[in-house]
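Its first residue numbered 72, the sequence shown is counted upward by one per residue in the working numbering.
Just so it is clear, CB atoms sit at the ideal spot from N, CA and C, and this is done for glycine as well.
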Amino acid sequence: MDTKDYEQKGYLNEDYKFFHICDSENIDIPFHYHDFDKLILILNGNVKYIIEGREYELLPFDFVLVNRFDIHKPVCAEGDGKKKYDRIILYLNHDFLEKYGLLDAFIKAKEIESCVVRFPANISTKIYDAFKKIEEDLKVEDKEYAGKLSTGIDVLRALIEFNKACISEELGFTQEARYNRKVIDIIEYINKNLSKDLTIERLSDHFYMSKYHMMRVFKQETGYSVHQYVSEKRILFARTLIMSGMPATSACLEAGFKDYSSFSRAFKLQLGVLPSELKI
72 MDTKDYEQKG
82 YLNEDYKFFH
92 ICDSENIDIP
102 FHYHDFDKLI
112 LILNGNVKYI
122 IEGREYELLP
132 FDFVLVNRFD
142 IHKPVCAEGD
152 GKKKYDRIIL
162 YLNHDFLEKY
172 GLLDAFIKAK
182 EIESCVVRFP
192 ANISTKIYDA
202 FKKIEEDLKV
212 EDKEYAGKLS
222 TGIDVLRALI
232 EFNKACISEE
242 LGFTQEARYN
252 RKVIDIIEYI
262 NKNLSKDLTI
272 ERLSDHFYMS
282 KYHMMRVFKQ
292 ETGYSVHQYV
302 SEKRILFART
312 LIMSGMPATS
322 ACLEAGFKDY
332 SSFSRAFKLQ
342 LGVLPSELKI
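Shown next, in the form of structure tokens:
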């Protein structure tokens, strides 16, 4: 299974998945989200990353953190196809990170509203070397004694180094993001009020915007319509509640849906399973 399978499916059954991908800059990846956390190391390419309405200009050896359920996409500059978009990607199961206490970097990214880390050269090189060690491990994993275990240990080591660097006071997350403040405010309001009335009329009144201007700007900045964004975030919230043990009927109401039948249909359409079919 390659990275495209995971991008489209949005789920990760293993603790982690490692990719080193180098392809043409002339690629078009749509807005999407995952059920897992994602860490990207940019090695080369003229690329931007849009995450929940914020657009980041990236440089080689920038690290990008994408929290699970965050809507995002890379944007590569138009070129002649000769320059390569080279990056290392780690897909990380949220429960795996939580189990080993390695969520600090992702939590900090949420708290300070920045998803890109730019370390001094000595730090980024150290973490890059740790990633390359994982890549080498994977090549011989099936041949070496306890190969999978050794790879897993090196993944943990790399994540420990990365988290230690991220929480250091001297090293910071870059704030160099382009965004529309009003759209960010709408996104934050939606995510904090999923159980409440989030109709277009209610949102436009709350933010003192015309409905049509709000919808146009939101779509332009996020790639999603307001309705689509609200619906998908509610489904993901309901899924989290159900997975934590809440009955599906209660999760339906808690996530802002008015009736179970429409909730069930939307859930099936988005996630491919009925709420009752989720395995806790």
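Could you name each continuous beta strand (DSSP E) segment of 3 residues or more that falls completely within the segment 118-193, going from the start of the chain to the end?
-> 118-122, 125-128, 134-137, 143-147 and 155-163
Give a yes or no on contact between the segment 223-231 and the segment 252-268, applying the rule of three or more CB pairs nearer than 8 Å.
-> no
Mark THR293 as exposed unless 16 or more other C-beta atoms lie within 10 angstroms of its C-beta, in which case mark it buried.
-> Here the question's residue 293 lines up with position 222 in the sequence shown. Classification for THR293: buried.
Assigned secondary structure, ASN262 (DSSP; H/G/I helix, E/B strand, else coil) | Within the sequence shown, numbered from 1, the residue matching residue 262 stands at position 191. ASN262 falls in the helix class under three-state DSSP.
From ILE100 to GLY218, what does the alpha carbon distance come to, in whole angstroms?
-> Counting from one through the sequence shown, the residue named residue 100 turns up at place 29. Counting from one through the sequence shown, the residue named residue 218 turns up at place 147. Roughly 33 Å between the two C-alpha positions.
Could you check where the alpha helix (DSSP H) with HIS91 kicks off and where it finishes?
-> Indexing the sequence shown from 1 puts residue 91 at position 20. Segment 87-95 is the beta strand (DSSP E) holding HIS91; no alpha helix (DSSP H) there.
Between the C-alpha atoms of LYS329 and TYR250, what's the straight-line distance to the nearest angstrom?
-> Taking the sequence shown and counting its residues from 1, one reaches residue 329 at position 258. Taking the sequence shown and counting its residues from 1, one reaches residue 250 at position 179. If you draw a straight line from the Cα of LYS329 to the Cα of TYR250, it comes to about 33 Å.
Quick one: Cα of GLU272 to Cα of LYS339, how far?
-> Sequence index remark: in the sequence shown, residue 272 carries index 201 (1-based). Sequence index remark: in the sequence shown, residue 339 carries index 268 (1-based). Cα to Cα, GLU272 sits roughly 27 Å from LYS339.
Is ARG158 closer than 9 Å to ASP108 when the C-beta atoms are compared?
-> Translated into the one-based positions of the sequence shown, residue 108 becomes position 37. Translated into the one-based positions of the sequence shown, residue 158 becomes position 87. No, they are not a contact pair.
Can you tell which of LEU349, LEU342 and LYS350 has the C-alpha that lies nearest to the C-alpha of HIS103?
-> Locating residue 103 in the sequence shown gives position 32, where the first residue counts as 1. Checking every option, the nearest Cα to that of HIS103 belongs to LEU342.
Inter-stretch contact (C-beta, 8 Å, three-pair minimum) for the segment 302-320 and the segment 282-293 | Contact fails: fewer than three Cβ-Cβ distances are below 8 Å.
Label LEU83 either buried or exposed according to how many other C-beta atoms from any shown protein chain fall within 10 Å of its C-beta, with 16 as the threshold for buried.
-> Along the sequence shown, read from residue 1 onward, the residue named residue 83 stands at position 12. Result: buried.
From the DSSP output, which residues share a beta bridge with ILE111?
-> Reading the sequence shown from its first residue, position 40 is the one you call residue 111. Partner(s): VAL135 and ILE160.
How would you label PRO191, buried or exposed, when you count the other beta carbons within 10 angstroms and need 16 or more for buried?
-> As a first step, residue 191 must be located in the sequence shown, where it is residue number 120. Under this definition PRO191 is an exposed residue.
Sequence-distant residues of the same chain with beta carbon closer than 7 Å to CYS237, five excluded per side | Walking along the sequence shown from the start, residue 237 turns up at place 166. Same-chain partners within the cutoff: ASP175, ALA176, LYS179 and VAL188.
Span separating the alpha-carbon of GLY243 from that of ASN234 = The sequence position of residue 243 within the sequence shown is 172, counting from 1. The sequence position of residue 234 within the sequence shown is 163, counting from 1. GLY243 and ASN234 have their C-alpha atoms some 12 Å from each other.
Which of helix, strand or coil DSSP assigns to HIS103 | Numbered from 1 along the sequence shown, position 32 holds the residue referred to as residue 103. It is a strand residue.
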